[in-house]
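Visitor:
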Amino acid sequence: MKVSVKYFLISWRCSMMCIFLIGSICFLGIYLFFIPKTFNYFAVLAKIKVKENIALSLMERSAFPAKEYDKPETAKKPISFRSNVSRGLTVNAAPFASELNYIQSFRFVINERDICNEITPFLILLIATKADEKQHREAIRKTWGNESVVPGIKVVRLFMLGVNGKEQNEALLRESSQYHDIIQQDFLDTYKNLTLKTIMGLKWVANYCGGANFVMKTDSDVFVNTEYLIQRLLRPLMPPPQYYFTGYLFRNGQPHRNNESKWYMPKEVYSAERYPDFCSGTGYVLSGTLASKIVNASLKVKYIYLEDIYVALCLKQEGIDMVPPPKNYLFNTYKVPFSPCTYNRLITSHGIYPNEQITYWETLQSNKYTQA
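Taking this note's numbering, the leading residue of the sequence shown gets 21, the next gets one more, and so forth.
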């Protein structure tokens with residue numbers, strides 16, 4: 021009986037050891053199989069997170085040494101969109117502080133470099149948009165962004181975007197192949213990267229369409245009366261002034277120090293108590309020759325994510341003053357109540373939905389010569 025109990029205990033111990041050994045081997049196999057993938061997953065997320073918050077990291081950097089922006093990128097080959105973006109969104113890593121200004125490090129993944137090969141536009145419309153705003157883009161194409169809006173006047177329309185998820189980016193590729201009016205660089209399309217988006221557009225003008233008379237930067241939720249803009253504001257300026265910049269002008273603006281504000285600006289990023297005069301990013305107009313000036317200045321000016329203020333800082337760096345529009349009501353940062361009389365005599369109205377873009381435009385066309 022004692023022998024049986026002894027053999028039973030030995031057998032039980034051996035069984036437990038075997039179970040423990042098999043379990044350890046299984047656990048080790050699972051660990052080796054899953055952990056590298058998990059680590060890689062979080063590494064990708066980390067890269068995306070760094071990119072998403074890039075504006076904040078940039079604001080902490082000092083200005084970089086000046087380098088003249090005088091060589092267009094015409095020698096560069098088009099970049100494969102799929103190879104650079106769709107593989108897990110492993111977009112360009114941030115260069116170290118010893119390298120040239122980060123704002124210039126992004127590359128075009130969708131480009132329209134040949135638009136100005138055979139034409140010299142009177143006006144280029146640079147429209148900030150996001151991938152999921154296709155209805156906004158369609159409405160603009162049918163209305164104020166139509167390139168034949170003013171007979172005899174060459175207008176170029178370009179929508180500006182960063183990168184998004186794989187499906188959205190592939191949809192953008194299809195849209196681009198249909199309309200040829202999209203430019204995109206390999207930064208994440210976030211609010212904090214609006215400055216990157218604007219500099220991208222101005223860089224495109226400087227590189228590929230430097231002969232344009234005028235440029236307008238605006239947003240996809242803005243109604244622009246391009247007819248009034250061209251006929252009443254820009255044509256009387258011809259020949260185009262060398263340094264002209266106007267829009268809804270803010271003077272003596274104070275930085276928002278409340279970190280709950282959408283426009284929060286910490287002192288360690290911008291220490292002055294006042295901003296320079298700046299024009300609202302909802303819509304401003306500039307001489308075509310100023311595009312390269314602003315891009316040059318961006319190599320010297322410390323990055324901030326408030327794009328309209330950043331552009332103002334670049335102009336200040338170059339010693340260029342903004343000018344107020346001839347009438348205060350031309351550019352508006354809010355949604356102006358619609359009436360044909362009012363909209364026939366303004367240039368911008370902010371906060372407009374796609375269906376309103378179409379309704380307002382069609383109404384203006386049918387009441388074009390109605391007097392107030």
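Quick reminder that beta carbons are idealized off the backbone N, C-alpha and C, glycines included.
Because the structure is a prediction, the values reported are computed rather than measured.
Can you have a look at Phe59 and say buried or exposed, based on whether 16 or more other CB atoms are within 10 angstroms of its CB?
Guide: With a pLDDT of only 39 at Phe59, under the threshold of 50, the placement of this residue in the model should not be trusted; the figure read from the coordinates follows. Phe59 is exposed by the Cβ-count criterion.
Visitor: Report yes if the CB atom of Phe142 is closer than 7 Å to the CB atom of Asn245, and no otherwise.
Guide: no
Visitor: Which residues in the same chain have their Cβ closer than 6 Å to the Cβ of Glu376, if we skip the five residues on either side of it in sequence?
Guide: none
Visitor: Kindly indicate which three-state DSSP category Ile324 falls into: helix, strand or coil?
Guide: The answer is coil: DSSP assigns Ile324 none of H, G, I, E or B.
Visitor: Taking Gly267 as the reference, give the member of Lys287, Tyr304, Tyr290, Cys136 with the closest Cα.
Guide: Tyr304
Visitor: Can you tell me the Cβ-Cβ gap for Leu178 and Leu146, rounded? I've got them flagged as a contact below 8 Å.
Guide: With 8 Å as the limit, Leu178 and Leu146 qualify as a contact, their Cβ atoms being about 6 Å apart.
Visitor: Can you confirm whether the segment 181 to 197 touches the segment 283 to 300 when touching is taken to mean that 3 or more C-beta pairs between the two stretches lie within less than 8 Å?
Guide: no
Visitor: Let's see if you can read the secondary structure: which residues bound the alpha helix (DSSP H) around Lys217?
Guide: 214 to 228
Visitor: Who are the near neighbours of Trp224 in its chain, counting only those whose CB is closer than 6 Å to its CB and skipping five residues on each side?
Guide: Ile203
Visitor: Using a Cβ-Cβ cut-off of 7 Å (strictly less than) and excluding sequence neighbours within five positions of Trp381, which residues of its own chain qualify?
Guide: Thr163, Trp164
Visitor: Give the secondary structure of Tyr284 by DSSP, where H, G and I count as helix, E and B as strand, and everything else as coil.
Guide: strand
Visitor: I want to know whether the segment 336 to 347 touches the segment 228 to 242 - three or more CB-CB distances under 8 Å.
Guide: Segments in contact, no.
Visitor: So Met180 packs on Ala148, CB below 8 Å; how close in whole Å?
Guide: 5 Å
Visitor: Take the Cβ of Phe116 as the centre, count every other Cβ of all protein chains shown within 10 Å, and call the residue buried at 16 or more, exposed below.
Guide: In this prediction, Phe116 scores a pLDDT of 35, lower than 50, which makes its location untrustworthy; no coordinate-derived value is stated.
Visitor: Determine contact between the segment 266 to 285 and the segment 307 to 315, defined as no fewer than three beta-carbon pairs at a distance below 8 Å.
Guide: no
Visitor: So, is Lys150 buried or exposed, given that buried needs 16 or more other C-beta atoms within 10 angstroms?
Guide: buried
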